[in-house]
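The structure appears right after this line, and notes come after that.
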Amino acid sequence: FDGFQAWLDETRAMFDVPGCAVAIVKGDELVATFASGERDLATHAMVDADTLFAIGSSTKAFTTCLLAMLADDGRLQWDEPVRRWLPEFALADAPLSERITPRDLVTHRSGMPRHDLVWYGATFERRDMVARLRHLPLNHDLRTDFQYNNLMFLTAGHLAERIGGAAWEEQVKQRILVPLAMPRACFTVGAMQQDGNHARPFRREHGKVGAIPFRDITAIGPAGSINASVKELAHWLTLHLRHGE
249 FDGFQAWLDE TRAMFDVPGC AVAIVKGDEL VATFASGERD LATHAMVDAD TLFAIGSSTK
309 AFTTCLLAML ADDGRLQWDE PVRRWLPEFA LADAPLSERI TPRDLVTHRS GMPRHDLVWY
369 GATFERRDMV ARLRHLPLNH DLRTDFQYNN LMFLTAGHLA ERIGGAAWEE QVKQRILVPL
429 AMPRACFTVG AMQQDGNHAR PFRREHGKVG AIPFRDITAI GPAGSINASV KELAHWLTLH
489 LRHGE
């Protein structure tokens, strides 16, 4: 890894990123971690391999993993209609609503465009957000086009809650995070801020990088709310490199 730290520092500075962390895995083992920059520009606290970052849409893989575990348990079938478990589920197209499956929810082929303003900043319950899906226009038939969709992952998480009988967060924690020794990974910005080693959010505007408020996205949690460190995420990565063991 000669020169890697210098390259990381230079690359981070080039893009005006306040701080970042990198884990390097070879085979199925974590062999090195690197960190660069600050996690808080106000206090000049430095990033390290244990700094919690919002992992955003990498959360979606955890939601899909949870559904796969429920399928392994025989409690979910990937290609049966969602309505088998959520009879109230409906989209704007009635026949499509009867056909859409869990596999469709997590492969971005529902026929629905993003409609992200429905959830952005929302505070109502997940079941209420799923109930609103029937009012959103579709622009493609089922399985005819790839359209990235956070709302379908919200639905996938809600489906896991219905089948698993517990909150999405609790199931992900007990079935994935605990077995993988990821005790500091969390699901809300509130919990993240209670940890003494977390990265603040920043953005570049008018050529300057400045802090912005934390934004709670609990409502759309299954699509993007997990916070974790790069060191703990390496455990998640090695799970996949070991083919699920």
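In the working numbering, the protein residues as written are 249 to 493.
A virtual CB, placed ideally from N, CA and C, is assigned to each residue, including glycine.
Beta-carbon proximity of residue i to residue j, cut-off 8 Å
i: proline 427; j: asparagine 387; result: no
i: cysteine 313; j: isoleucine 411; result: no
i: alanine 269; j: phenylalanine 249; result: no
i: aspartate 276; j: threonine 436; result: no
i: threonine 371; j: proline 470; result: no
i: alanine 459; j: alanine 261; result: no
i: histidine 356; j: leucine 399; result: no
i: leucine 481; j: alanine 408; result: no
Residue i versus residue j: straight-line alpha-carbon distance, rounded
i: threonine 466; j: aspartate 352; result: 23 Å
i: alanine 404; j: valine 354; result: 7 Å
i: alanine 309; j: alanine 476; result: 14 Å
i: aspartate 472; j: alanine 415; result: Before going on, a small fix: residue 472 reads as glycine here, not aspartate. About 15 Å.
i: lysine 479; j: phenylalanine 282; result: 10 Å
i: histidine 406; j: phenylalanine 462; result: 24 Å
i: aspartate 341; j: leucine 324; result: 24 Å
i: glutamine 441; j: aspartate 389; result: 42 Å
i: leucine 300; j: serine 358; result: 33 Å
i: glycine 349; j: valine 330; result: A small fix is needed here, since residue 349 is threonine in this sequence, not glycine. Cα to Cα, threonine 349 sits roughly 5 Å from valine 330.
i: histidine 292; j: glycine 455; result: 20 Å
i: glycine 285; j: tryptophan 367; result: 32 Å
i: alanine 302; j: threonine 311; result: 16 Å
i: arginine 501; j: leucine 365; result: Nothing in the structure corresponds to residue 501, since the chain is present only between 249 and 493.
i: arginine 452; j: glycine 322; result: 47 Å
i: alanine 297; j: leucine 489; result: 20 Å
i: leucine 334; j: phenylalanine 252; result: 50 Å
One or two residues paired with residue i in a DSSP bridge
i: valine 270; result: Phe282
i: aspartate 215; result: As displayed, the chain neither begins before 249 nor continues past 493, which places residue 215 out of reach and without an answer.
i: proline 456; result: The sequence given here has lysine at residue 456, not proline. The partner list for lysine 456 (beta bridge, DSSP) reads Glu453.
i: leucine 300; result: His446
i: asparagine 475; result: Ala302 and Cys434
i: glutamate 277; result: Lys274
Helix, strand or coil at residue i according to DSSP, with G and I counted as helix
i: glycine 444; result: coil
i: glycine 359; result: coil
i: glutamate 493; result: coil
i: glutamate 417; result: helix
i: asparagine 398; result: helix
i: glutamate 336; result: coil
i: glutamate 373; result: coil
Residue-level contact to chain D via CB, residue i, 8 Å cutoff
i: aspartate 298; result: The structure shown contains no chain D, having only a single protein chain.
Contact belief for residue i with residue j at Cβ below 8 Å, rounded distance in angstroms
i: leucine 381; j: leucine 344; result: The Cβ separation is near 11 Å, so there is no contact.
i: valine 273; j: alanine 447; result: So it is not a contact: roughly 21 Å between Cβ atoms.
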